[in-house]
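Chains as they are written, first to last, in the numbering used here: chain A, 1 to 328; chain B, 1 to 265. Glycine included, C-beta positions come from ideal geometry on N, C-alpha and C. Since the structure comes first, as structure tokens, the remarks are kept for the end.
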């Protein structure tokens, strides 16, 4: 039964990929749209990694872009200077980011709530300024000449693998303890789990995954500069998961997809809307926070069983209404 | 050799001595009560035993090892589990997940088993869940295994706290006011439940409680503390006759001024 489940996942992924390739072959997905799909993919990976830290472990990190930039720079340097193949470069980016996350996380994860957020915020700025002042990495001008080795196929399968890793991690004893740390740290410790270790696990895993996304980004855009990974980028990542629902992996996917699409859709509707697009983007988020502060999905996951239940519920409600009307 | 031995433990917060020279021994499968007026230091004693606070003086021995000053998770792993006075469940997790968090350090699969979903992962998860459900069944809340803990009624949340503590397979269970907020019927049920836990799991229990009827009815021995000092540790029938205990709870006969009032003035 478990093998069957794995097979179903594999087949549905391949079908989705086939569909995507079909659309490209038919010319429905043009080059412009393909670029959007790649940035959606990268943003999904980022949202999943941030959700692991903020939504699952409950540590509000505000310097997530810093780890992305570390991954981007480390993998870019590896590709340019050492001529390593793409996968090796990405791995190097992940390792460097993981090590830095461990060094930074060890002291600051002992801090609670807002103090932790402030430290990550400061760390984000330090990393940005550091990259701006390292001349061998191009300084503020940025780092150029990165091979364009990432394509849509690579991003597609990366998203699938990252999603599987994150969901499998969350739905295990490790994930349970991460969620219990978010819920009640004192009780978690009283039940024999060292909260600090689990916070480290969530923080380092999240930083490794976002470094992977940074590497993908660098090898797709072929040019990176420190200002790309500033504070507003970290906040943008937070809006992805806030919109989708903090603590929900599928919510993160939906949130990042919607927020990546909105500016592009507005750009194409008319030229007047194009100028207003950041304004509309902001309004959408404000409306969202007023009417659904827990995000689109809340902490729930979008599952096939859940969709079935929802359909049955809607059906029974309609059936019930009809009945009442008939009786009247 | 007794299971738990607290020798002269004292804790000071700045100039305030919250608990002074507290002594207590608990034997295997013994049920000991800890009572005292509000602010007597009962929960502070609990927090010292479970590693939340480190005693300023004195030593705590558990199962032959010195445990004072160890972190809480380490003390739990040495088979001493507790519940909380103000319920501290994992509200956004299901009932069975709450129990599973407590069996966590006994989990035999590693991170890669979890990510790759190996056979070991599925087998181990199924086993853990089966154990957790079995435990919930003893307390009659197995039918609510998949509801969120925050949606349980109050009495069942208290029960779940006890189940969660028991899931870490303790030798000593510390219950911090389990009857708080319960009506007399629920309290009577709880007394039966505590007796049942003791017989079924063969563990020692230390019980903090305000409800005198509950404590006197089920405990082998009762320790009474007041203003951080131990008044008496003895059998329930002896304790109720002790003039110091009566004074602490009801005040002295001459003048009718309670000790608490004296301090306030």
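- If you check each beta-carbon in the region 183-195 of chain A against every beta-carbon of chain B, the ones closer than 9 Å belong to 183, 184, 186, 187, 188, 189, 190, 191, 192, 193, 194, 195.
- Following the DSSP letters along the chain, one finds residue 39(A) inside the alpha helix (DSSP H) bounded by residues 31-50.
- Close partners of residue 309(A) in chain B (Cβ separation under 8 Å) are lacking, with about 13 Å as the shortest Cβ gap.
- By the rule that beta-carbons nearer than 8 Å mark a contact, residue 127(B) does not touch chain A.
- Taking the Cα of residue 64(A) as reference, the smallest distance to any Cα among 157(A), 197(A), 233(A), 126(A) is reached at 233(A).
- For the 8 Å CB-CB criterion, residue 11(B) and residue 55(B) form a contact.
- At the C-beta level, residue 40(B) and residue 225(B) come within 8 Å of one another.
- The bridge partners DSSP lists for residue 6(B) are 24(B), 60(B).
- Residues of the same chain with a CB within less than 6 Å of the CB of residue 129(A), apart from the 5 flanking positions on each side, do not exist.
- Nearest CB-CB separation between residue 115(B) and chain A: below the 8 Å threshold.
- With 16 or more other Cβ atoms from the protein chains shown falling within 10 Å of its own Cβ, residue 198(A) counts as buried.
- Its chain contains 60, 62 as the residues whose beta carbon lies nearer than 6 Å to that of residue 117(A), once the 5 sequence neighbours on both sides are disregarded; these appear in chain order.
- With 16 or more neighbouring CB atoms inside 10 Å of its own CB, residue 53(B) falls in the buried class.
- A direct Cα-Cα distance of roughly 14 Å separates residue 242(B) from residue 35(B).
- The contact set of residue 91(B) on chain A, defined by CB atoms closer than 9 Å, consists of 183, 184 in chain order.
- In terms of beta-carbon proximity, residue 222(B) stays away from the interface with chain A, with every pair separated by 8 Å or more.
- Sequence-distant partners of residue 252(A) (beyond 5 residues in either direction) whose C-beta falls short of 6 Å from its own C-beta, in its chain, are 47, 48, 51, 241, 244.
- For the set 18(B), 143(B), 125(B), 44(B), the Cα lying nearest the Cα of residue 177(B) is the one of 44(B).
- From the beta-carbon of residue 46(B), no residue of chain A is found nearer than 8 Å; the closest lies around 11 Å away.
- Within chain A, 191 have C-beta atoms less than 7 Å from the C-beta of residue 164(B), given in sequence order.
- Remark: C-beta atoms of residue 69(A) and residue 127(A) approach each other more closely than 8 Å.
- The region 191-205 of chain A makes contact with the region 101-113 of chain B; the number of CB pairs closer than 8 Å reaches 3 or more.
- Apart from the 5 residues on each side of it in sequence, residue 29(B) sits with its Cβ closer than 7 Å to the Cβ of 198, 202, 203, 204 in its chain, given in chain order.
- Bridge pairing for residue 204(B): 172(B) [DSSP].
- In this structure, the beta-carbon distance from residue 246(A) to residue 41(A) does not fall below 8 Å.
- For residue 88(A), same chain residues with a beta-carbon under 8 Å away, outside a window of 5 residues either side, are 78 in chain order.
- At least one CB of chain A lies nearer than 8 Å to the CB of residue 97(B).
- 165, 168, 169, 172, 173, 174: these are the residues of the region 152-174 of chain A whose beta carbon lies less than 7 Å from some beta carbon of chain B, given in chain order.
- Remark: fewer than three beta-carbon pairs, one from each stretch, lie closer than 8 Å, so the region 222-230 of chain A and the region 24-34 of chain A are not flagged as touching.
- Residue-level contact check: residue 201(B) does not touch chain A, since none of the beta carbons of chain A fall below 8 Å from its beta carbon.
- Remark: fewer than three beta-carbon pairs, one from each stretch, lie closer than 8 Å, so the region 113-123 of chain B and the region 140-152 of chain B are not flagged as touching.
- The C-beta of residue 235(A) comes no closer than 8 Å to any C-beta of chain B.
- Straight-line measurement puts the Cα of residue 277(A) at about 23 Å from the Cα of residue 217(A).
- In its chain, beyond the 5 residues on either side, 9 have a beta carbon closer than 8 Å to the beta carbon of residue 164(A).
- Not one beta carbon of chain B lies nearer than 8 Å to the beta carbon of residue 34(A).
- Residue 83(A) is classed as exposed because its beta carbon has fewer than 16 other beta carbons within 10 Å across all chains shown.
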